[in-house]
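One structure is given here, and the rest of the page talks about it.
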Amino acid sequence: MSSRRSILIKYNTLYLILILVSMYFVYKIIYFQFFYDKALIEDALKTTKVYASIEPRRGDIYSSDEKLLVTSIAYYEVGMDPNSDAITQKIFDENLDSLSLCLSQVIPTKTKEQFRNELIRARDSGSRYYRFSFNLNYSDFKKMSDFPLLRRGRLKGGFVYQKNYIRENLFGQLAKRTLGTQPTDRANGVGLEDFFNEELKGVEGHTINERIAGNFWMPIEDAQYIEPQNGYDLITTINIELQDIVETALEKQLTKCEAGFGTVVVMEVKTGKVLAIANKELDSKGKYVEKTNHAVAYAIDPGSTFKLASAIIALEDGYITPDDIIDTGNGSKKISYKIVRDTKTGGYGEISFQRVIEVSSNIGIATVIYNNYKNNPLKFYNGIEKLNLTKPLGVSIKGETTPIVSKPNTSSWSGISLVQMSMGYELQITPLQILAFYNAIANNGKLLKPIFAEALADKNKIIKYFEPEVLNEQICSHKTLSQVQKMLLEVVENGTAKNIKNENYKIAGKTGTAQMNYGKDSLPTEYHASFVGYFPADAPEFSCIVSIYEPKNGFYGASVSAPVFKEIADKIYSLNPKYYKASTDENTICSKPVLKKGSKQETNKVFNWFGYKIDLKEVNQTDWITGTYTEDAIKLKPVSFSDNRKVPDVRNMGLKDAVVVLENAGLSTQTHGRGRIYKQTPNAGSELRKGDKVILYLCE
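All residue numbers for the sequence shown refer to my numbering, where the first residue is 386 and numbers rise by one.
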C-alpha cells in the first residue's frame, strides 16, 4: 500500500511540475506576443541621451571645365519645444502673436491664426515638439532663427532643427546615368557616385543627442563633439558642352530612325579621358530617357567593326598584305559549312585586301581568316587576346560586362565559328571596349583604359590626379598600324562611310551592321548599326563610337550611325579654336561671335580667337560686361552685380557665368533647357534671400 501511495505522489508531483512549466511557456508566449514590444518601447522612451553620428556634407561633382554638375543642397526640419523649461507662460504669451505672424510669412501654407492656435494647443497638451516645416531652405532657416522667441536658441527659446541634404543634378538629365546615384541602405548606387562613394561621402562626426519629443533629437550644446569631415569633390572628364551636343545628336537620330536605344561615347585619344557619354532608350511613354549605361554594360555581337581586329591578326601573322587579291565572287560563297553573302548585288569580284575592309566584304574577310586559321583556330583566338578584346577594361563605373568570345575546344565552338567570328559574330563586346580598341589604333598602338575622373579636390585644392593608365603599350607592330590606319581612312574616303567625307578635316573609321538575334530564325530580325573611328585622321585627337539598336528606318551603320558621328565631329571641330581658319574667299561668310552678358576675361578670349581686337579701357574696373556691335566697332559697357539686397539679373548670360554670379550672391540654381538664359525665377531685382534657389530657363 505504501508503495502504491509513493508512486502516486511521484506521479502527482511530476504532473504538477509539467503543469507549471506549461503555464510558464504560455505566459512567455502571451508576453512576447502582446507586451514585449511595448516594454521595449517604454524602455527606449526612458532613454533621453544617445551617442549619435553627424552626417558630413557629400562632395560636389564637377565637369572637366569646372562646371558644377552635382551638389548637396541643405534643407532643414524645424520646430520648437513649446514647453521648454525656460519658456514661462508670460514669455510664451508675449511672443505668441509676433511669432505666429513671422511664421505665416515664411510658411504661407498656414495663416497667422492657424499657427497661433496650434502653438497654444501644443503648449496646453504638454507637447515637447511642434513642427514648423519638413524642408525649409537655408535662407528661410536663417530668417526663422531670428524670429521672436526662437532667437533665444534651443534652451531659452525652444528652437529645434535638424539639417539634412538632398542630392541634385544641376544639368538635369545630362550624363545622368554616368554621374549616377549614391548607394543607400535600400538600394545600390550606380555610376561615379557609387564608384567614388568613399571619397565623396566624407567621415561622420559624433556628438551626444538629447530626446526632444518622440523620435526627434537635438545635440546637447556642451557635449563632446567630433567635427564631421566633408567629402572630397570629384572633377570628372566630362565636358558638359560636348555632352549636350552628343545627347542632342543621339536623341535626334534615335527619333528619326524609331530606334529602341542607343549610345555614344567620345574619348580623348592621348589620355583615354571620356569627354562625353550618352545612353538613351525608349520608355513606356514613348520618350527617350537615360536609364541603363549601355556603353559600359551592354555586350553584343559588334558585327563589321570587328573586321579590323580580324585584319590586324592576319596582317601580324604574315598571312596577308593589303595588296593581296581576294576573290569574293558574285556576292555569295560557301565557306566551311556556311553560305556567306556580301551586300552588293553581284558581288565585288576580285579585290585587294585593302578594298575588303573599305567595302566591308563579308566574303573577303571570312575567306582570309578561315583559309589561314582553320587548322589552328586557337592561333586566331590568341590574336584576339593580344588585342585585349577578351577581358574587361576595368573602368571606374561598376557593371562592365566581360567580353564573351568563342574559344576552340569548348562547347561554344563549331565548324563555322572562325567564319562567324571573322565578321564580328559569336562575340559579345561592349561599345566602350570596341572604342578603346579603335582609340589604340589612333594612339599608335597604345591601349589606354577609358577614364571618367580627372582629380579629387578638397576645398579647391587638388589632392589626387588620375593619370592615364596604359593597358597595353603596343597592341601590334607599327607596320600593321600604318596599314590599318590607311584602311580606316579609305573607308570614309572611298568606302562604306563615304557619305560622311568632308573637305575640312579627315575622318578614319569603320561601319558596322549586325543582326542582334543572329541565327534565331523564329525571331523578327533586329539590327545593331554602328560607326567607330577617330579624327582628324592625320593627327588624331578624338575617338568616338555611335551604336544604335533596333532601328526601324534604315539599319546600315553608314546611314544610321555614321551621320551622328559626323555631326558630333563637325561641332567639336567648329567649337575648337585651334581648327578655326580664317578664309579670304569672298564667297565665304564668317559670322561674328555672339555678344552676350558675361565674363570680361572669357569674352576677350573668344574675340581674340576670331581675330577681333576689343578695347577694354572703359570696362577695366569690372569683371562683367555686355556689348553691342556698331558699324566699325564693338561697344562694351560694364555690368554690376554689387547690390547684395537684390537677386542679380542673369538673363542673356551663358549658364557658366550665371551660376558663378548667383553662387557668389549666396543662391543655388536649377536649370531647364539649353543655350543662353532668357528667363529666371525669382525675377531679377526681387528681394535676395541667401540660400534661395533660382530657376534658370535657357533656349538656343
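By construction, the Cβ of each residue, glycine as well, lies at the ideal position given by its N, Cα and C atoms.
Taking the Cα of Gln547 as reference, the smallest distance to any Cα among Ile736, Glu440, Glu553 is reached at Glu440.
When only Cα atoms are considered, Phe738 and Ser915 end up about 22 Å apart. With respect to Ile933, Gln628 sits apart: the two C-beta atoms are not nearer than 9 Å. The closest CA to that of Glu770, considering only Ser791, Ile750, Lys759, is found on Ser791. The beta-bridge partner set that DSSP reports for Tyr919 consists of Ala893, Ser928. For Asp478, the enclosing alpha helix (DSSP H) starts and ends at 474 to 491. C-alpha of Lys655 to C-alpha of Glu926: approximately 7 Å in a straight line. Per DSSP, reduced to three states, the secondary structure at Pro835 is coil, with no helix or strand assignment.
Non-local beta-carbon contacts of Asp1034 in its own chain, meaning distances under 6 Å to residues more than five positions away in sequence, involve Ala1069 in chain order.
Per the Cβ contact rule, the region 494 to 502 is not in contact with the region 558 to 577 (fewer than 3 Cβ pairs under 8 Å). If you draw a straight line from the Cα of Asp843 to the Cα of Gly918, it is about 37 Å long. Annotated three-state conformation of Lys665 is strand, per DSSP.
The beta carbon of Cys861 is closer than 7 Å to those of Ile697, Glu701, Gly830 in its chain, skipping five residues each way along the sequence. Our two residues, Ser485 and Val1079, have alpha carbons roughly 27 Å apart in a direct line.
Pairing Ala684 with Thr815 gives a Cβ-Cβ distance under 9 Å. The beta carbons of Val681 and Ile930 sit about 12 Å from each other, so the pair does not count as a contact at 8 Å. DSSP, read as helix, strand or coil, puts Asp709 in coil. Assignment of Val654 by DSSP, reduced to helix, strand and coil, places it in the coil class.
With 16 or more other CB atoms across the displayed protein chains lying within 10 angstroms of its CB, Lys665 is buried.
Beta-bridge pairing by DSSP links Asp843 to Lys846.
If you ignore the 5 residues before and after Lys452, its C-beta comes within less than 7 Å of the C-beta of Ile625, Lys1041, all in its own chain and listed in chain order. Of the candidates Ile819, Ser797, Leu820, the residue whose Cα lies closest to the Cα of Glu811 is Ser797. Sequence-distant partners of Val491 (beyond 5 residues in either direction) whose C-beta falls short of 7 Å from its own C-beta, in its chain, are Asp525, Lys528, Met529. Note that the region 716 to 731 does not touch the region 773 to 788; fewer than 3 beta-carbon pairs, one per stretch, sit closer than 8 Å. With a beta-carbon spacing of about 6 Å, Pro687 and Ala899 fall inside the 8 Å limit used to define contacts. In this model, Gly1051 and Thr633 are separated by some 32 Å (Cα to Cα). For Leu405 and Leu399, the gap between their C-alpha atoms comes out near 10 Å. In terms of CA proximity to Ile458, Asn522 leads the group Asn522, Asn1049, Lys1020. If the five residues before and after Tyr733 are omitted, its C-beta is found closer than 7 Å to the C-beta atoms of Thr713, Asp727, Val744, Ser746, all from its own chain and listed in chain order. By the beta-carbon neighbour count (other beta carbons within 10 angstroms, threshold 16), Lys864 is exposed. Nearest to Val804 by C-alpha distance, out of Ile630, Gly749, Lys1064, Phe581, is Gly749.
Going by C-alpha positions, Asp531 is about 14 Å away from Ser489. When the alpha-carbon of Ala699 is set against those of Ala751, Lys658, Leu619, the nearest one is in Ala751.
Rounded to whole angstroms, the gap between the alpha carbons of Gln474 and Phe544 is 16 Å.
At the C-beta level, Phe1026 and Ile819 stay beyond 9 Å of one another. Annotation for Gly542: Leu534, Leu535 place their beta carbon closer than 6 Å to its own, counting only its chain and skipping 5 residues before and after.
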